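Step one of this worksheet: look at the structure below.
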Amino acid sequence: MSKWHTAQNILCIRLDTIGDVIMTAPAMLALKTAQPDRRITLMTSSAGAAIAPLLDLDDLIIYDSPWLKATAPRTDSLPEFDMIKRLQQAQFDAAVIFTVYSQNPLPSAFLCYMANIPLRLAHCHENPYQLLTHWIPDPEPTQFIRHEVRRQLDLVASIDCDVTPLLDDPTNDRQLLHLDPASLHRVQSLLTEIGMNLMEPWVVVHPGATAASRRYPPESFAIVAEQLTNQNIQVVFTGTQPEAELVQSIRTMMNTSSYSLVDRLSLSELVALLKLSPLLISNNTAPVHLASAVGTPIVDLYALTNLQHTPWSVPHHVLFHDVPCKLCYKSICPQEHHHCLRLVEPKAVIEAALSLLLTTHSKIQIPSHVCFN
15 MSKWHTAQNI LCIRLDTIGD VIMTAPAMLA LKTAQPDRRI TLMTSSAGAA
65 IAPLLDLDDL IIYDSPWLKA TAPRTDSLPE FDMIKRLQQA QFDAAVIFTV
115 YSQNPLPSAF LCYMANIPLR LAHCHENPYQ LLTHWIPDPE PTQFIRHEVR
165 RQLDLVASID CDVTPLLDDP TNDRQLLHLD PASLHRVQSL LTEIGMNLME
215 PWVVVHPGAT AASRRYPPES FAIVAEQLTN QNIQVVFTGT QPEAELVQSI
265 RTMMNTSSYS LVDRLSLSEL VALLKLSPLL ISNNTAPVHL ASAVGTPIVD
315 LYALTNLQHT PWSVPHHVLF HDVPCKLCYK SICPQEHHHC LRLVEPKAVI
365 EAALSLLLTT HSKIQIPSHV CFN
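If you read the sequence shown in my numbering, its first letter stands for residue 15, the second for the next number, and so on.
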């Protein structure tokens, strides 16, 4: 692995979305820490690129590859030839290709091969022959499934990066996302503006998710939020503009007051909000990974999709109802019952939230009728 010790200009490829890029951030940090004068460039999708300004990167390449589902249909392969030229011009010493176990790294490896990048590392199920110079046979999912963060840390550990400080240590200082002081100040001002008292207990609730199969029912969210406010815990909802109707429907079902910052936050400001918040209650989607990256406790309402994408290295509760049809990877429940989330009782969510708030806020008082398993 000695050749990697001299690699100063490294391309990191993660062609997915925000959450996937965040879960790769510890591995990219390990690459940088191993040689602080290294130049780290991230190549990712348009969606994944949104988080790049908050990461410790030297450069960014945006590339929507034709081998990923979210990419719009192509009429020709000119973008691929253009990308090969761009990678050649950058004169990278090495490329590290980060994938989930269900993805094939070889299309990315072929781009790097065509661009004459001399060192190319990835997990791969099949023998890549010359496309990878450093092949890690992929043990997932046949032998085991590990957390996505651990998977990528193990990959860079294979080239002698010290990943020990970045392993599962809840007390480890978060260095993954750069918090913008201006965003922190604006979020504090916004919270005051909408009437919240930051000296009193409060939580962030994020009820949206791209896939319907990953959304906890809105009526259940309403019960959770109402019961928390009955315990004098302030609730502020987040979401993007397409989720405004969902959030409004939840707030309408509540008989208590709540707050909303839907469609009022940039990504940097959402990160700042999550850093300030004592707790996040969310479906398993991007804000869960953002909260993990800044050390905020999480109640994760988990639809039993990707077992390796739960919160990393923060206090958390993962809630789900076990079902025979788990791991379906469908955007809409094919059984039409959505039992993996619909059968998660609001009481369980409330208990999980209160137990985590006890560790972050001294003013929380647990009602006598609430018990923890």
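Here a beta-carbon is modelled for each residue, glycine too, at the ideal position from N, C-alpha and C. Keep in mind that this is a model prediction, so the values were computed, not measured.
Annotated three-state conformation of W326 is coil, per DSSP. For L125, the closest C-alpha among the options M42, V110, H323 and W326 is that of V110. When DSSP states are grouped into helix, strand and coil, D70 belongs to the coil group.
Residues A123, R134 and A136 of the same chain have their beta carbon placed closer than 6 Å to that of L146, with the five preceding and five following residues left out of the count.
One thing to note: L169 has its Cβ no nearer than 8 Å to the Cβ of F106. For L212, there is no enclosing alpha helix (DSSP H), as DSSP marks it with neither H nor E. A residue is called buried when at least 16 other Cβ atoms come within 10 angstroms of its Cβ; R165 meets this threshold and is buried. According to the DSSP assignment, H303 belongs to the alpha helix (DSSP H) that extends over A300 to V308. Where H137 is concerned, the enclosing beta strand (DSSP E) starts and stops at L133 to C138.
DSSP places D314 within a strand segment (E or B) once states are collapsed to three.
Nearest to Q102 by C-alpha distance, out of A64, N23, A286 and P179, is N23. Apart from sequence neighbours up to five positions away, the residues of its chain that approach E162 with a beta-carbon distance below 6 Å are M37, Q322 and H323, ordered along the chain.
When Cβ pairs closer than 8 Å are counted between the two stretches, the stretch 252 to 263 is seen to touch the stretch 271 to 284, the count reaching three or more. Minimum Cα-Cα distance from S327 among the listed residues T319, I312, L333 and L318 corresponds to I312. Excluding the 5 residues flanking it on each side, L304 has same chain C-beta neighbours closer than 6 Å at V285 and L288, in chain order. The residue from Q202, V35 and A84 with its alpha-carbon nearest to that of D70 is V35. Taking a contact to require three or more Cβ pairs closer than 8 Å, the stretch 205 to 223 and the stretch 234 to 251 qualify as touching.
Taking all protein chains shown into account, M213 has fewer than 16 neighbouring C-beta atoms within 10 Å of its C-beta and is therefore exposed.
Rounded to the nearest angstrom, the Cβ distance from L281 to T374 is 23 Å, too far for a contact under 8 Å. Residue pairing of Q248 in beta bridges, as defined by DSSP: W216.
Runs of the alpha helix (DSSP H) spanning 4 or more residues and lying entirely within the stretch 27 to 107 occur at 32 to 48 and 92 to 104, in chain order. With contacts defined as CB atoms closer than 8 Å, C138 and D152 qualify as a contacting pair. Per DSSP, the unbroken alpha helix (DSSP H) holding I264 starts and ends at A258 to M267. I364: member of the alpha helix (DSSP H) spanning P360 to T374, first to last residue. Shown here, P179 sits in a helix according to DSSP, grouped into three states. C26 and M57 have their C-alpha atoms some 6 Å from each other. Taking C-beta atoms under 8 Å as the contact rule, D30 and S60 fail to qualify, at a distance of about 11 Å.
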